[in-house]
Amino acid sequence: MTEIITTSTETASPPASAWVRFLRTYGPTPNNLTMFDEYVAGAVGRAKVQPITLSAPMLEQMKQHIASGRPGSMLIAGTAGDGKTYHCRALWTSIGGKEKDWAGKGNIKEHRLADGRLAVFIKDLSEFNGEESDAPLARLEKSVLGGDDSEIVIMAANHGQALDRLRDLGRRQGRPHPLRKPLQEFFLQAGEAPNRLAVFDLSRNAGRKALEEVVAAVANHVEWDNCSTCALKADGKICPIFENRQRLLGQSDSGQFSQRLGDLVEIARLNGLHMPVRDLLALCANMILGHREAKDGLMSCSEVSWIQEQGVIDRASVYGNAFGANLPRRRLADRPVFKAMAAFGVGNETTNGADGLLVYGKDDSKLAPSFAKLVGNDPVYGANARLLSAQDKYLEGEEAARIEGGASDFIKLLVAQRRRLFFTLPNNEEGYPYWSMTIFRFAGEYLEMRTSLLNKKPVSELVRGRLVRGLNRVMTGLLVDNEDRIFVASSGGFTQSKVSVLCDTEAPSRRQNGIGLAIKLDPITDRPTLDVALSPGVGNSVTFDITPVRFEFLSRVADGALPGSFSNECLEDMLAFKAKLLRKAELIRNNNSQDDDEETSADEGSITLNLIDIEQGGHGFSRPITVRISS
Numbered sequence: 009m010t011e012i013i014t015t016s017t018e019t020a021s022p023p024a025s026a027w028v029r030f031l032r033t034y035g036p037t038p039n040n041l042t043m044f045d046e047y048v049a050g051a052v053g054r055a056k057v058q059p060i061t062l063s064a065p066m067l068e069q070m071k072q073h074i075a076s077g078r079p080g081s082m083l084i085a086g087t088a089g090d091g092k093t094y095h096c097r098a099l100w101t102s103i104g105g106k107e108k109d110w111a112g113k114g115n116i117k118e119h120r121l122a123d124g125r126l127a128v129f130i131k132d133l134s135e136f137n138g139e140e141s142d143a144p145l146a147r148l149e150k151s152v153l154g155g156d157d158s159e160i161v162i163m164a165a166n167h168g169q170a171l172d173r174l175r176d177l178g179r180r181q182g183r184p185h186p187l188r189k190p191l192q193e194f195f196l197q198a199g200e201a202p203n204r205l206a207v208f209d210l211s212r213n214a215g216r217k218a219l220e221e222v223v224a225a226v227a228n229h230v231e232w233d234n235c236s237t238c239a240l241k242a243d244g245k246i247c248p249i250f251e252n253r254q255r256l257l258g259q260s261d262s263g264q265f266s267q268r269l270g271d272l273v274e275i276a277r278l279n280g281l282h283m284p285v286r287d288l289l290a291l292c293a294n295m296i297l298g299h300r301e302a303k304d305g306l307m308s309c310s311e312v313s314w315i316q317e318q319g320v321i322d323r324a325s326v327y328g329n330a331f332g333a334n335l336p337r338r339r340l341a342d343r344p345v346f347k348a349m350a351a352f353g354v355g356n357e358t359t360n361g362a363d364g365l366l367v368y369g370k371d372d373s374k375l376a377p378s379f380a381k382l383v384g385n386d387p388v389y390g391a392n393a394r395l396l397s398a399q400d401k402y403l404e405g406e407e408a409a410r411i412e413g414g415a416s417d418f419i420k421l422l423v424a425q426r427r428r429l430f431f432t433l434p435n436n437e438e439g440y441p442y443w444s445m446t447i448f449r450f451a452g453e454y455l456e457m458r459t460s461l462l463n464k465k466p467v468s469e470l471v472r473g474r475l476v477r478g479l480n481r482v483m484t485g486l487l488v489d490n491e492d493r494i495f496v497a498s499s500g501g502f503t504q505s506k507v508s509v510l511c512d513t514e515a516p517s518r519r520q521n522g523i524g525l526a527i528k529l530d531p532i533t534d535r536p537t538l539d540v541a542l543s544p545g546v547g548n549s550v551t552f553d554i555t556p557v558r559f560e561f562l563s564r565v566a567d568g569a570l571p572g573s574f575s576n577e578c579l580e581d582m583l584a585f586k587a588k589l590l591r592k593a594e595l596i597r598n599n600n601s602q603d604d605d606e607e608t609s610a611d612e613g614s615i616t617l618n619l620i621d622i623e624q625g626g627h628g629f630s631r632p633i634t635v636r637i638s639s
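In the numbering used here, the protein residues as written are 9 to 639.
Here you go:
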């Protein structure tokens, strides 16, 4: 990576340079201490800029809890970067604590409340080494389990850190600590919080709304007003920093870029990937300031003039920066948010239509109108001079321009253009489905299904039918096309056999009289679930959590993909779901046989099995066959 060398001939710094330097510290630099709440105040003071202000989403609930006078204590939990210390400090000041006292030395802060209780703030449990945490944990236990109402302990701690410290403390005391198990169930299984301990889990607040707030706080920050008088964007010049900020604000696409970015974050969240606020701030700063040839991959105002002179503004593309294209692989691996974004494969995944447009669109009379509309309308990050020149060399047959494997400049530019297309293709653009530019080609339908369930509307018949078809193909291992029923099939025993031709039981694909498939929204996971009832009544159904990757798996299998070719993990999950259905069907049969006075079969030397047959056209049906058993 070429590092930009700035000269000392500049007579004055650009008017927003202090703000850009401050924002840069939030990005994925090797040392970004501003990402930690403890260092924010000092960084703001040194930069002499207004801080980035984000809401504390659970602050009001915390304040109400203290004001209510309810006995016990509070645990502010989450993962690294969720804003635990930020909430803790905001709560401290809201009850009358002074900022200078909070900033002083020490990890424990105390403040007397109006009702006489002593509020004891443990700023960060991880700051205590080993047995040092025993004392604050003892104060917490005394308040929660000992019934001591003279204090209310407000402790900030990571999930794992809190559980580990409680386990170690219990081990030293020769007992299982009584708070550890209920907290573990609360964190992992959304169980009940321990009595007299109010738990505020900040990790449950991340997602689209958190991203929208971060984007608004950064892109609409008052310090950007200084750019209005900057020479770097005067006289028709393009400042890539300001250009990226404008695109992030959605001023040229009515917010489509932010909407699709939010879709990616939602899909990642629903797949179980947590993106704390700290990571979202790094993502936002990187999108605005990213450039491959800038120092540490992030631009400062002093580098913009060189970028303009060299004609490499397009390397600052906000669309590539969203996936960390400006960062070396080593630093990408250190950032969960960029690993999550890279997992979508945007830039590497494509369609024949998209690549045909990018390669031949300028010169093909049939494609030219679409090229002008979808690529040529963006001279900065779309049909810029570097792209058009590389395209000409590629099409004219220059050998160097046709070398595969990343050596060709045009091939690299194609990756950047695919990323731009993902964000800029209009909705429902015929021939260019933008989700097909990712590995989650059915993600749009997944989000629509979830939105329907949130709004208590029926799931589309197209999606329901595809899910049922995918379920049947995994259950049976056969190319059945049924969308009217679900076959719960086996191979004659409770095995993980991938081909099962014996129909153990059937269920309609739509819930009828208490039997069949219902698609619901799980209030705990916030994801759709498949609920298959094999008999009316409570306890006769089996549920299956539908993550985006599982939805993709079933959809692709329904369209003809081999189950193992997409995800062996998903296949194993589905086979485990089938095993639960088989066990549930056996339990129902056993219960029914105990309740009914069944007649003994006249022919005790035979058994009847239901064999799954497939008619021409792919429709499957179960056909009973009698098998005689010789003695």
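Glycine included, each C-beta is placed from N, C-alpha and C at the ideal position. Here the structure is a predicted model, which means the values were calculated and not measured.
{"Asked": "Collapsed DSSP secondary structure at S498 in the structure displayed", "Found": "strand"}
{"Asked": "Cβ-Cβ distance between G445 and L429 below 8 Å", "Found": "According to the sequence as given, residue 445 is Met; it is not Gly. Cβ atoms of M445 and L429: closer than 8 Å."}
{"Asked": "Backbone CA spacing between G545 and A584 [nearest angstrom]", "Found": "23 Å"}
{"Asked": "When R426, A20, K420 and A290 are compared against Y402, the one with the closest alpha-carbon", "Found": "K420"}
{"Asked": "Boundaries (first-last residue) of the alpha helix (DSSP H) holding I275", "Found": "Q264 to L278"}
{"Asked": "Helix, strand or coil at K528 according to DSSP, with G and I counted as helix", "Found": "strand"}
{"Asked": "Spatially closest choice to V550 from P556, V557 and A541, by CA coordinates", "Found": "A541"}
{"Asked": "Segment contact flag, the stretch 190-209 with the stretch 61-79, C-beta cutoff 8 Å, min 3 pairs", "Found": "yes"}
{"Asked": "Buried or exposed (CB count within 10 angstroms, at least 16 for buried), V565", "Found": "buried"}
{"Asked": "In DSSP terms, what V367 is bridged to", "Found": "Answer by DSSP bridge pairing: none, since V367 is not bridged."}
{"Asked": "T101 in three-state terms, based on DSSP", "Found": "helix"}
{"Asked": "Inter-residue CB distance, D530 and D553 (contact presumed, cutoff 8 Å)", "Found": "7 Å"}
{"Asked": "Contacts around D90, its chain only, beta-carbon distance under 6 Å, and the 5 residues preceding and following it disregarded", "Found": "L210, S211 and P284"}
{"Asked": "Distance, Q264 Cα to G154 Cα", "Found": "54 Å"}
{"Asked": "Cβ neighbours of G452 in the same chain (closer than 7 Å, five flanking residues each side left out)", "Found": "W443"}
{"Asked": "Test item: CB-CB of L133 and S81 under 8 Å", "Found": "no"}
{"Asked": "Inter-residue CB distance, A5 and G35 (contact presumed, cutoff 8 Å)", "Found": "Because the chain is modelled from 9 through 639, residue 5 falls outside the range shown and cannot be assessed."}
{"Asked": "Buried or exposed (CB count within 10 angstroms, at least 16 for buried), I620", "Found": "buried"}
{"Asked": "Rounded Cβ spacing between L525 and V476 (contact assumed at less than 8 Å)", "Found": "7 Å"}
{"Asked": "For V471 and N480, believed in contact at Cβ under 8 Å, the rounded distance", "Found": "About 15 Å separates the two Cβ atoms, so there is no contact after all."}
{"Asked": "I637 and I615 closer than 8 Å at C-beta", "Found": "yes"}
{"Asked": "Other residues of its chain near V635: CB distance less than 8 Å, five sequence neighbours each side excluded", "Found": "S614, I615, T616 and L617"}
{"Asked": "Host alpha helix (DSSP H) of K381 (start-end)", "Found": "A376 to L382"}
{"Asked": "G413 - DSSP class collapsed to helix/strand/coil", "Found": "The predicted position of G413 is uncertain, since its pLDDT is 42 and thus under 50; a value taken from the coordinates is nonetheless stated next. In this structure, G413 counts as coil in the three-state DSSP scheme."}
{"Asked": "Unbroken stretches of the alpha helix (DSSP H), 4 residues or longer, contained in the stretch 63-144", "Found": "67-76, 92-102 and 107-111"}
{"Asked": "Reduced DSSP category for N435 - H, G, I as helix; E, B as strand; rest coil", "Found": "coil"}
{"Asked": "Reference H95; option with closest CA among N228, H119, N521 and I130", "Found": "I130"}
{"Asked": "6 Å CB neighbourhood of L219 in its chain, flanking five on each side removed", "Found": "G270, V273 and L288"}
{"Asked": "Best match in L291, E118 and P190 for proximity to V152 [C-alpha to C-alpha]", "Found": "P190"}
{"Asked": "Nearest neighbour of G478, chosen from L395, F574, G405 and K528 [CA to CA]", "Found": "F574"}
{"Asked": "Completely contained beta strand (DSSP E) runs for the stretch 300-359, where each covers 3 or more residues", "Found": "none"}
{"Asked": "Alpha-carbon spacing of T15 relative to E231, whole angstroms", "Found": "Bear in mind that a pLDDT of 40 at T15, under 50, signals an unreliable position, so the number given afterwards is only what the model happens to contain. Between T15 and E231, the C-alpha separation is close to 25 Å."}
{"Asked": "Secondary structure of V230, DSSP reduced to three states", "Found": "helix"}
{"Asked": "Identity of the residue in A587, A276, S508 and K150 nearest A348 by Cα", "Found": "A276"}
{"Asked": "Cβ-based neighbour list, L291, same chain, cut-off 6 Å, excluding 5 preceding and 5 following", "Found": "V345"}
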